[in-house]
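Everything below concerns the one structure shown next.
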Amino acid sequence: MRGISKMDILRFATAGSVDDGKSTLIGRLLYDTKTVFSDQIDAVERVSREHGDEHVNLALLTDGLRAEREQGITIDVAYRYFATPKRKFIIADTPGHVQYTRNMVTGASTADLALVLVDARKGVLEQSRRHAFLATLLQVPHIVLCVNKMDLVDYSQEVYDEINADFTAFAAKLRVPDLTIIPMSALAGDNVVTRSTNMPWYEGGSLLHHLESVHVASDRNLIDVRFPVQYVIRPQSDDWHDYRGYAGQVAGGVLRKGDEVMVLPSGFTSRIKSVETADGEVDEAFPPMSVTVRLEDDIDVSRGDMICRPTNMPTASQDIDAMVCWMDETAPLRVGGKYHIKHTTRTARTIVKGLSYRLDVNTLHRDEEAQTLGLNDIGRIQLRTTQPLMCDAYGRNRTTGGFILVDEATNRTVAAGMISEPAM
Amino acid sequence: MNTSTGPDYQLSQLDILESEAIHIMREVVSEFEQPVLLFSGGKDSIVMLRLAQKAFFPARIPFPVLHVDTGHNFEEVLAFRDKRVKELSLQLIVASVQEAVDNGRVCLPPDGTRNRVQTPVLLEALDKHQFTAIFGGARRDEDKARAKERIFSFRDDFGQWDPKNQRPEIWNLYNSRIHAGESIRVFPLSNWTELDIWHYIKREQIELPSIYYAHERDVFERQGMLYAVHEHKAPKPHEQVFRAKVRYRTVGDASLTAAVLSDADTIDKVIADVASTRITERGATRGDDKFSEAAMEDRKREGYF
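Sequence lines, in order, name chains A and B. So in the numbering used here, spot 97 of the first sequence is number 97, and the numbers just go up one at a time. So in the numbering used here, spot 193 of the second sequence is number 193, and the numbers just go up one at a time.
Have a look at this one:
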């Protein structure tokens, strides 16, 4: 067993409804990795008996709030945790009901991997395509298609092959960077944690094996140095009275002592005097490390500024073109509407200048006649901001390419935005 | 951060969790005028203080700490609280449940337990000091209500949590905009598990109140749980008192928090114990969450953490 100091974290999102067997799958992962405690199992066994279920209903392990049980709906993203000797896993478990887009965007925003479920009896449905589309929109680097309920189609290779071909063709249109397809039965436990003997024709590993071994470190952008200044540390004490450090979380690239850097939007240049943490200086800082950067020169740097290399800068712009997912049920997006925009550590005000189209997430059809975006709608918009934002395309960097819009009157978070590739 | 970096620029899970928590704390201090950290002397709040030290180093922790004191404390925990406050030159605010009871501002329930009356006392203290952002040490692995709560948890002007009206939380962009009277509870340890906390305590060599480690104590059994004989928790005549080697997994109100039988008197033994335990932290030790399936959910709606 590896020591904890060598374990990393894999964050993955799951989407789907109870019908796909999603809750059973998560229950199976938690149960078979011995994450579930005996008092939780006792409770699930008791409820299963009361319901007259034949098997212990593993789906109940992910049962939610009383408000949800009473109304028979799933309200929100639930975060669940398990670990194996190889990795710690954080699951963002998103429901498949009405607010699925908002919830899935939330869950997928930080995910390294997305699980998309299909029922082997039903094949690739509209819902599976939607989930795959949202995962690629949010640039989740790895997608796993779980072809579930194989026990109900007699573990048929033919059924699997058909679904595989169907989904692979669809995924090619979305340009999914890494796709893995696994036949399984969450209920029977086939290919979830251990390899199944029921499908000798399948040559790949189990889902858990894939989750444990998929390589995610290289998904981070280690090329473009991006350090959004979050907080300026200036100790009010005699020991440190000349100290001035720029604290933040590295959003891209690798920062090293001695590097020549530029601060945006001012354009001043300096060199990195040191990269520090409370435990001392570090040789290198890379995403997602929280560090403090000190510069050789005494230049004016404050929260919201971006430290980068003079030879590799983000675009500083007040005009933003982006895909947005609208998340507010109380008011739609409208052209001319004004909002707060939060992008990295900078907050500005913004006005919606245009709506190019609304995207139908089922057909990928672009409706250019659309006038507004309502809850769960996705569309392409143009914004004008009161201050320049230091942006990269979302496809290049998920941190410097993402933003949220906040309603000025209600303070609700109304949209998640992904900055487009610059026009050529 | 003890950067255990590999050649492929990979951080360990503790480094990732630490970095995330530090980012959250810096974000709060940047965007709120009056943050406060809830400090009980329990292990999670002790870990939060270490993270706060790191987030603002070499400056001091730039906010006060608040303890909602039920009056039913383990003396070791109270002593530890005061020691830590002094070491870090923190400003400690104590919101006393006893004082609120004495002044008639809150009424104790018939059974005399004080968990539920913590909430009005907490809300009163937040209001009095005008705190708008309140750091709490809650983790999502603790309870199913917590599993669905945001890192920045919006509370209305009654401090209430509405699970159906949570702000979406995308990437690491936290929405800190609130109206007067509203507040945000902030949970930097959301993604930590009980085991992560213990591994971090070990790595950082963090000192804890002694009762987290196995020690001998007079206890009695009630509803399957072991309670220490304490001035606020006396056994009933039929309940037999015996001496046992126990430790605490959580250290809340002394009249509600149970001990577990354990030989784990060192950090390594505690980690082995936690890694192999088959009962949830709250299930094993908290009388307050046993009352109903949705006990935590109900208390959060009232303004609890």
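Even for Gly, the Cβ is constructed at its ideal location relative to N, Cα and C. On a predicted model such as this, the values are computed, not experimentally measured, just so you know.
A:G252 - partner residues in DSSP beta bridges: A:R226
8 Å Cβ cutoff, A:L211 in contact with chain B: Taking 8 Å as the CB threshold, A:L211 stays off the interface with chain B.
One or two residues paired with A:W326 in a DSSP bridge: A:A415
8 Å contact criterion, which A:V140 and A:A114 should meet: CB distance rounded: Under the criterion of beta carbons closer than 8 Å, A:V140 and A:A114 qualify as touching, at roughly 5 Å.
Separation of A:R412 from B:D157, as counted between CA atoms: Rounded to whole angstroms, B:D157 to A:R412 spans 15 Å at the Cα level.
8 Å Cβ cutoff, B:P109 in contact with chain A: No, because no Cβ of chain A sits closer than 8 Å to the Cβ of B:P109.
Chain B residues whose Cβ lies nearer than 8 Å to that of A:M262: What A:M262 touches in chain B: nothing, since even the nearest Cβ is about 22 Å away.
Listed by chain order, chain A residues near B:E169 by CB distance under 7 Å: T106
Unbroken alpha helix (DSSP H) run spanning B:P120, endpoints: 115-129
Boundaries (first-last residue) of the beta strand (DSSP E) holding B:I134: 133-135
Contacting residues, own chain, Cβ-Cβ under 7 Å from B:D273 (five flanking each side not counted): S262, A264
Validate contact between the segment 274-287 of chain A and the segment 322-331 of chain A using beta carbons, cut 8 Å, 3 pairs: no
Cβ contact check for the segment 368-376 of chain A and the segment 305-312 of chain A: 3 or more pairs under 8 Å: Touching, no.
Beta-carbon neighbours of B:I178, restricted to chain A and to distances below 7 Å: Simply N411.
Proximal residues, the segment 261-272 of chain B versus chain A, C-beta separation under 8 Å: Those would be none; no residue qualifies.
Three-way DSSP call (helix, strand, coil) for A:M104 in this model: helix
Alpha-carbon spacing of B:R114 relative to B:H199, whole angstroms: 31 Å
Separation of B:P58 from A:D224, as counted between CA atoms: 29 Å
Backbone CA spacing between B:P35 and A:Y243 [nearest angstrom]: C-alpha separation (whole angstroms): 24 Å.
According to DSSP, residues forming a beta bridge with A:P183: A:V147
B:I151 versus A:T345 - alpha carbon distance: Taking C-alpha positions only, B:I151 is separated from A:T345 by approximately 17 Å.
Members of the segment 218-239 of chain A that neighbour chain B once the beta carbon cut-off is set at 8 Å: S218, R220, L222, Q230, Y231, I233, R234, P235, Q236, S237, D239
Proximity test, A:Y155 beta-carbon vs the ligand MN heavy atom, cut-off 7 Å: The ligand content of the structure shown is nil, which means the ligand MN is not present either.
Beta-carbon spacing of A:H272, A:V293 below 8 Å: The sequence as given places Ile at residue 272 of chain A; His does not occur at that position. Going by C-beta atoms, A:I272 is nearer than 8 Å to A:V293.
Neighbourhood of A:R398 by C-beta, 7 Å cutoff - its chain only, sequence neighbours within 5 removed: Q139
Between the CA atoms of A:N362 and B:T3 - distance to the nearest angstrom: Residue placement at B:T3 is flagged as unreliable, the pLDDT there being 48, under the threshold of 50; the coordinate-derived value follows with that caveat. Looking at the two C-alpha atoms, the distance is approximately 44 Å.
Cβ of B:S30 within 8 Å of any chain A Cβ: yes
Beta strand (DSSP E) runs wholly inside the segment 364-422 of chain A, at least 3 long, in chain order: 378-391, 402-407, 413-419
Cα-Cα separation, B:R81 to B:G112: 25 Å
C-alpha distance - A:D20 paired with B:A52, whole-angstrom precision: Taken atom to atom, the span from the alpha-carbon of A:D20 to that of B:A52 is near 43 Å.
Within chain B, partners of A:S317 - CB distance below 9 Å: Within chain B, no C-beta atom comes nearer than 9 Å to that of A:S317; the closest sits roughly 18 Å away.
C-beta neighbour in chain B for A:H340, strict 8 Å: yes
Paired residues, beta bridge with A:D190 - DSSP: Residue pairing by DSSP places A:D190 opposite A:S185, A:T194 in a beta bridge.
Where A:S19 sits in the DSSP three-state scheme: A small correction: the amino acid at residue 19 of chain A is Asp; Ser does not occupy that position in the sequence shown. Helix, per DSSP.
Cutoff 8 Å: A:M7 Cβ touching any chain B Cβ: yes
Contact set between B:D141 and chain A, taken where Cβ atoms lie within less than 9 Å: Y79, R80, Y81
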